[in-house]
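Undergrad: Residue numbers (numbering that gives the first Met the number 0), protein chains in the order written: chain A, 0 to 518; chain B, 0 to 307; chain C, 0 to 356. A virtual CB, placed ideally from N, CA and C, is assigned to each residue, including glycine. Please see the structure below; I have some questions.
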Amino acid sequence: MSGIVKSFVGVRANDNVCFNLRRGEVHTLLGENGAGKSTLMNILAGLYLPESGTIEIDGRKCSFSSPKDAIHHGVGMVHQHFMLVPVQTVWENVALGMDHFSVVLPKRKIISDIMSLSLRYGLEVDPEARVWQLSIGEQQRVAILKMLYREARILILDEPTAVLTPQETGSLFKTVRQMTDDGRGIVFISHKLDEVLEISSRITILRRGSNVGTISAENASKERLAEMMIGRQLMRTPDKTLQNPGDALMEARSLCVRGDRGRLMVNSFSLVMREKEILGIAGVSGNGQQELCESLAGLRTPESGSVIVGGTDYAGRDARAFLDAGVRYIPADRKGVGLASGMNIRENIALRKFWSREFCKWRYFLNWEHIAGYSGRLVERFNVVTPGLGYPVSMLSGGNLQKLMLARELADHPRAIIAVQPTWGLDIGATQFVREALIEQRDRGAGVLLVSDDLDEILAVSDRIAVIYQGRLMGLIEKPDRVTGEQLGLMMAGTSLPEYDPEYSIKPEDERHGGATGS
Amino acid sequence: MDILTPILAAAVRSGTPILYATLGEILTEKAGIMNLGLEGLMLMGALSGFWATMTTGSLWAGVALAFAVGVMLSAIHAFLCITLKANQVVCGLAIAMFGAGASSMLGRSMVGETVKGFSPLALPFLSRLPVLGPVLFDQDILVYASFVLVGFLTWYIYRTRWGLNLRAVGEAPRVVDAMGLSAVKLRYFYTLLGGGLAAVGGAYMSLAYNKMWGELMTAGRGWIAVALVIFSIWNPLRATLGAYLFGGVGALQLRMQAAGSRIPAPLLLMLPYLLTIAVLFVISAKKGKGMLQGAPAGLGQPYSREER
Amino acid sequence: MAVRPVLRKRYQTGRLTDTGLSFASIVLALAASALLFFLLGVPPFRALWLIFSGALGSWYGVGEVVVKTIPLALCGIAVALAFRMQVWNIGAEGQIYVGALAAAAVVRYCAVDSFPAMFLMMTAGAAFAGGLWGGAAGYLKARWNVNEIITTLMMNYIAIHLMDYFIYGPWRDPASLGFPMTAPFPPAARLPMFFDSRVHLGIILAFIALIIFRIVLRWTRWGFEIRVIGENPRAARYAGIPIMRNIILVLFLSGAIAGIAGMCEVAGLQGRLQHGFSPGYGYTAIIVAWLGRLNPWGIALVAFFMGTLLVGGETLQVLMRLPLASTQVMQGLILFSVLAMEFFRNYKVILVRDGGR
Chain A
0 MSGIVKSFVG VRANDNVCFN LRRGEVHTLL GENGAGKSTL MNILAGLYLP ESGTIEIDGR
60 KCSFSSPKDA IHHGVGMVHQ HFMLVPVQTV WENVALGMDH FSVVLPKRKI ISDIMSLSLR
120 YGLEVDPEAR VWQLSIGEQQ RVAILKMLYR EARILILDEP TAVLTPQETG SLFKTVRQMT
180 DDGRGIVFIS HKLDEVLEIS SRITILRRGS NVGTISAENA SKERLAEMMI GRQLMRTPDK
240 TLQNPGDALM EARSLCVRGD RGRLMVNSFS LVMREKEILG IAGVSGNGQQ ELCESLAGLR
300 TPESGSVIVG GTDYAGRDAR AFLDAGVRYI PADRKGVGLA SGMNIRENIA LRKFWSREFC
360 KWRYFLNWEH IAGYSGRLVE RFNVVTPGLG YPVSMLSGGN LQKLMLAREL ADHPRAIIAV
420 QPTWGLDIGA TQFVREALIE QRDRGAGVLL VSDDLDEILA VSDRIAVIYQ GRLMGLIEKP
480 DRVTGEQLGL MMAGTSLPEY DPEYSIKPED ERHGGATGS
Chain B
0 MDILTPILAA AVRSGTPILY ATLGEILTEK AGIMNLGLEG LMLMGALSGF WATMTTGSLW
60 AGVALAFAVG VMLSAIHAFL CITLKANQVV CGLAIAMFGA GASSMLGRSM VGETVKGFSP
120 LALPFLSRLP VLGPVLFDQD ILVYASFVLV GFLTWYIYRT RWGLNLRAVG EAPRVVDAMG
180 LSAVKLRYFY TLLGGGLAAV GGAYMSLAYN KMWGELMTAG RGWIAVALVI FSIWNPLRAT
240 LGAYLFGGVG ALQLRMQAAG SRIPAPLLLM LPYLLTIAVL FVISAKKGKG MLQGAPAGLG
300 QPYSREER
Chain C
0 MAVRPVLRKR YQTGRLTDTG LSFASIVLAL AASALLFFLL GVPPFRALWL IFSGALGSWY
60 GVGEVVVKTI PLALCGIAVA LAFRMQVWNI GAEGQIYVGA LAAAAVVRYC AVDSFPAMFL
120 MMTAGAAFAG GLWGGAAGYL KARWNVNEII TTLMMNYIAI HLMDYFIYGP WRDPASLGFP
180 MTAPFPPAAR LPMFFDSRVH LGIILAFIAL IIFRIVLRWT RWGFEIRVIG ENPRAARYAG
240 IPIMRNIILV LFLSGAIAGI AGMCEVAGLQ GRLQHGFSPG YGYTAIIVAW LGRLNPWGIA
300 LVAFFMGTLL VGGETLQVLM RLPLASTQVM QGLILFSVLA MEFFRNYKVI LVRDGGR
């Protein structure tokens, strides 16, 4: 692939990227979130059309107008969310859409073909089982088999080990080696440095849409990779005044939370949020941050462990209890959980407190006049640009939407604030505003938990940083101005560093418990 | 035993129009589209079939026209629901309303007229079998055609590659599109086909069962077919049993009345609907989490191709 | 470079666009009806003119239109309440029937001579019966996620057959010569009529219902909760709004209002319980609610419009010998155009050059 350019909504996801793949090699694409790996591969797999650039396969120029086209040319992709029909059997899924056999499905032949592919590549799976009955690892095998059945010469695996257990990962790697031995080329997208070093022949690092460099696995080391991934001197903005953190405000104790797919996304996680402190959570998205925050806001019930707010365990209680306790959640999915897009601004602001005495009159009626006044003041204070309070929030721009959310959540002096990706998609002005707002809350005495993909932001804003990897607390950094990008990258990708091991960091309970409370 | 045979035979006749409609709707719903307007489709089919036969004298012309009219009427549904992504429930109701009204309006001059219609065709050896003979093999040709249809559809849906595509497009249209087939085209095809079959079921009423035209002559059979699709858990064989069962309830009730039975007719007539709710409950409660067991996962959801 | 049409979701439609689209649907439907009339050999414009003049041309006509507007408005509110929460109550027809059934039961078993007492009992009975009918579907949905569209639809037919049982059987009026109907209700059970027309007390009930509907949705906490659930259930959850409880409650209330509509029809208009007393009001109510954009003024307007069509259809039947079914056809056409217009409400079609975004 050469000179590939692709933009979304004005942002260059791929900026003149060149990438090549040799026969029989495993070439890994490495990079942070948003670096452009998935986009590039989606282009190769025929899902997106590049704005410019060319693709050559076996020396011939190709252009793919659909995934089917790509498959014809021998390119198959195994996505993070498998394209399988859950209710149908494995062999039906594999055979779907193939038109080079007769009208009547030659079930036995298909099954035997699958079995022989299965055997050859170590992808054991029962062809007659229904996909929803299979474990995620087995489902992945079906997805791979689908591509192999169609004689794909180039296979793209998008974060395949994100959903696998260590044993399944080993099994996958055996499969990958067998496939390359047979002359196929594999593109491996991952952020887990250990695995990348184990399986790759070459590694290409993407950063912010550009190709930063390609090195062979022999010359690579975890440190080198982490540095290339993060790559720069991390910016720190020293314009926050130092504060002394106060008492413990909210605490997660040995929290275990299951995700929507049934996997344990948060694993024995323990962390303390303190007053007057911004605690940043660094980590590649999909490592449990979302589930962690949801359980801290009352939107998800943890499987085990406790969520202590002001001394009482709130785990499993509903969202309103958390709200009444002074916990506010600023979700990443603004239109999903935070706001009702069809309703107007006043109504959305009311959403946070409409049952309180302040907003009601005669107990069951809403006092819209008061709400309107309140909204007006809020909108002014937070500088939200709106066509008017009666207009639906869907009309607001991204930045103003976020300001509105902030306004609503921060207006009544919450004790704890959980902010997930608060500056995602915002322009510089709005980003600045959000960060300042969070700092202001901290100065006022609240405790802030900040989850962000943007390491610069975490470092700029946080007083302490916790690194999460696969649902576990990987490291706790008490003094963020000392940590390097490389160290962060390593922890985010699964390597624990002794100096930041949470076991040995100082926490308020240590005096009482006389030891670590981590992991 | 001799009381049973004529009842069973009548059940088959009474259930055949329901069966056609149900089979059609099974195809449509397996593709992911809900068409609740079966009653309207059946009535329009009954009317157009009747009219064609009266005008041309040919019964098969009637069946053919009925099918064509069914296709055209369900094309409206398909366009609104697939391309314009309208609410499929409301649209189906509109089709039912429109079809019923249009058939009454257009057929006003033909009320009470009769045609010679399809007569029973006793199959040579089979019709002499005890019980099964007169019940299954001494019926008219459309009934035999429905037997063939059930067999064909069962084979088609579960054993051919097109059937696989059909099942997939109702479950996960995204996947089907990713494999290079057009989910939209498939859905259109099966909606139109399903509508045509339902109309043929209606034609059976006017050309074989009653051999005449009267306003609203399908008497709710279209709605029973809607219920039956769920009751049969989208399976053609089960649909057959269900159609004869529910058709039989009507036939049974008439005979019981005639025989002076004490069970009130309306209570019997309620049965199909109660049973459907019961079945719905069982299959919903079992799987919980919103996935109707056996129902195509994408049923009723409008699908749009993601942008490139 | 090729240009192709692409769909973009609209964020919101202005009040003007909204009303404009509703208007356009009616115009489109009338045009289609005119075409249908033309194809039938009926002079289209004369037919359309007759519909409106027959219905609204005399005080008697207007009265009749109002009579039909009452159940349409009541059921329209009932259905709209549920629709606001994205719960699809297709069972208004059945709820009307059980409401009427309950009213007849009260007349049969608890008749007293005082109108206020009868009125109270019938209303309570009808509301309770209708509410139970709707609430049952609501419970099935809340607890076991059973699709309410099918359950309410099926319960329509169960209700109709249930009523048939009574009026063909134990409740049949011996003096009715075999027709399926009960004996006429005693005067204490009849709703008073106004002036010389057949417009009965139900109109006041409808009016009250409209006002309460507006007040509840706009001013109360609970109405707000309903709107939020319909708008975005996840946001509702985060705001601590209980969803399951509300599903049952809303379907109960929806059924109750429809039940009251049924009571009004039999106690106010017809004076007895008879087979097929509702010409599909429950289904027409769905159009009324939809076309009325789920708000009280729209519902009132559209209910009146539908009433006009129904009465006008009767005129057509008499004067041009068109079957009453022609109104059903027109209703179907209106619904089609509303559904089609709905598309333009949600999506904009713009032309994009090929070759990516």
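#1: What span of residues does the alpha helix (DSSP H) with T159 of chain B cover, start to end?
#2: By Cβ distance, which residues of its chain are closer than 6 Å to Q79 of chain A, with the 5 residues on each side in sequence left out?
#3: What residues are listed by DSSP as bridge partners for M76 of chain A?
#4: Rounded to a whole number of angstroms, what is the C-alpha to C-alpha distance between A9 of chain B and F245 of chain B?
#5: Within the 7 Å Cβ cut-off, does K506 of chain A reach chain C?
#6: If you run the structure through DSSP and keep just helix, strand and coil, what is I329 of chain A?
#7: If you count every other CB in all the chains shown that lies within 10 Å of the CB of V110 of chain B, and 16 or more means buried, which is it?
#8: Closer than 8 Å by beta-carbon distance: list the chain B residues that pair up with G519 of chain A, in chain order.
#9: On a Cα-Cα basis, can you pick out the residue from C:L47, C:V41, C:G40 and C:L39 that is closest to I25 of chain C?
#10: Quick one, are the C-beta atoms of I70 of chain A and R149 of chain A less than 7 Å apart?
#11: Report yes or no: is there a C-beta of chain A within less than 7 Å of the C-beta of V227 of chain C?
#12: The stretch 337–367 of chain A: which residues have C-beta closer than 8 Å to a C-beta of chain C, in chain order?
#13: For H76 of chain B, is the classification buried or exposed, using 16 other Cβ atoms within 10 angstroms of its Cβ as the cut-off for buried?
#14: For the stretch 134–160 of chain B, enumerate the residues whose C-beta is nearer than 7 Å to any C-beta of chain D, in chain order.
#15: With 7 Å as the C-beta to C-beta threshold (strictly closer), list the residues of the stretch 301–327 of chain A near chain C in chain order.
#16: In the DSSP output, what is M249 of chain A paired with across the bridge?
#17: So what does DSSP say about S124 of chain A, is it helix, strand or coil?
#18: Against chain A, with Cβ distances strictly below 7 Å, would G239 of chain C count as a contact?
#19: Hey, would you say I417 of chain A sits closer than 7 Å to A296 of chain A, going by beta carbons?
#20: Could you check which residue in B:E24, B:I2, B:V11 and B:L3 has the C-alpha nearest to that of G317 of chain B?
#21: In angstroms, rounded to a whole number, what distance separates the CA positions of L395 of chain A and V419 of chain A?
#22: For V16 of chain A, name the three-state secondary structure that DSSP assigns.
#23: For chain C, check one thing: does any of its Cβ atoms lie closer than 7 Å to the Cβ of G335 of chain A?
#24: For K347 of chain C, is the classification buried or exposed, using 16 other Cβ atoms within 10 angstroms of its Cβ as the cut-off for buried?
#25: When the distance is taken between beta carbons, is P49 of chain A closer than 7 Å to K5 of chain A?
#26: Which chain A residues are close to M178 of chain B, counting only those with a beta carbon under 7 Å from its beta carbon?
#27: In chain B, which residues lie with their C-beta within 9 Å of the C-beta of M82 of chain A?
#28: Just to confirm the assignment: which complete beta strand (DSSP E) runs, minimum length 3, are found wholly within the stretch 47–130 of chain B?
#29: Would DSSP call T168 of chain A helix, strand or coil?
#30: If you draw a straight line from the alpha carbon of V278 of chain B to that of G281 of chain C, how long is it in whole angstroms?
#31: Going by beta carbon distance, what residues of the same chain come within less than 8 Å of R197 of chain C, once the five residues before and after it are set aside?
#32: Could you confirm whether any beta carbon from chain A is found closer than 7 Å to the beta carbon of L163 of chain B?
#33: What are the start and end residues of the alpha helix (DSSP H) that includes V141 of chain A?
#34: Considering only C-alpha positions, which residue in the set A:H412, A:E24 and A:A459 is nearest to D181 of chain A?
#35: At what residues does the alpha helix (DSSP H) containing Y302 of chain B begin and finish?
#36: Give me, in chain order, the residues of the same chain whose beta-carbon lies closer than 7 Å to that of S113 of chain C; leave out the 5 immediate sequence neighbours on both sides.
TA: On the basis of the coordinates in this document:
#1: First-last for T159 of chain B: undefined, no H or E at that position.
#2: So the qualifying residues of the chain are D157 and E158.
#3: A:I155
#4: 11 Å
#5: For K506 of chain A, the predicted structure reports a pLDDT of 43, less than 50, and the residue's modelled location is therefore unreliable. The matter cannot be settled from this model.
#6: strand
#7: exposed
#8: Since the displayed chain A opens at 0 and closes at 518, residue 519 of chain A lies outside it and no answer follows.
#9: C:L47
#10: yes
#11: Contact with chain A is found for V227 of chain C, since one of that chain's Cβ atoms lies less than 7 Å from the residue's Cβ.
#12: Residues of the stretch 337–367 of chain A with a Cβ closer than 8 Å to any Cβ of chain C, in chain order: G337, L338, A339, S340, G341, M342, E346, A349, L350, R351, F353, W354, C359, Y363, F364, L365 and W367.
#13: So H76 of chain B counts as buried.
#14: No chain D appears in this structure, whose protein chains are A, B and C.
#15: Hits within the stretch, in order: D317, A318, R319 and L322.
#16: A:M272 and A:V308
#17: Looking at the sequence itself, residue 124 of chain A is Val, so the reference to Ser does not match. Reduced to three states, the DSSP call for V124 of chain A is coil.
#18: yes
#19: Yes, Cβ-Cβ distance for I417 of chain A and A296 of chain A is below 7 Å.
#20: Residue 317 of chain B is absent from the structure shown; chain B starts at 0 and stops at 307.
#21: 20 Å
#22: strand
#23: Interface residue, yes.
#24: Around the beta carbon of K347 of chain C, a 10 Å sphere encloses fewer than 16 other beta carbons of the protein chains shown; the residue is thus reported as exposed.
#25: yes
#26: K67, L95 and G96
#27: A171, R173, V174, A177 and M178
#28: none
#29: Secondary structure of T168 of chain A (DSSP, three-state): helix.
#30: Between the alpha carbons of V278 of chain B and G281 of chain C lies a distance of about 25 Å.
#31: Beyond the five residues adjoining it in sequence on each side, R197 of chain C comes within less than 8 Å, by CB distance, of G62, E63, V66 and L268 in the same chain, given in chain order.
#32: yes
#33: I135 to Y148
#34: A:E24
#35: Looking at the DSSP string, Y302 of chain B is not in any alpha helix (DSSP H), and its letter there is neither H nor E.
#36: A187
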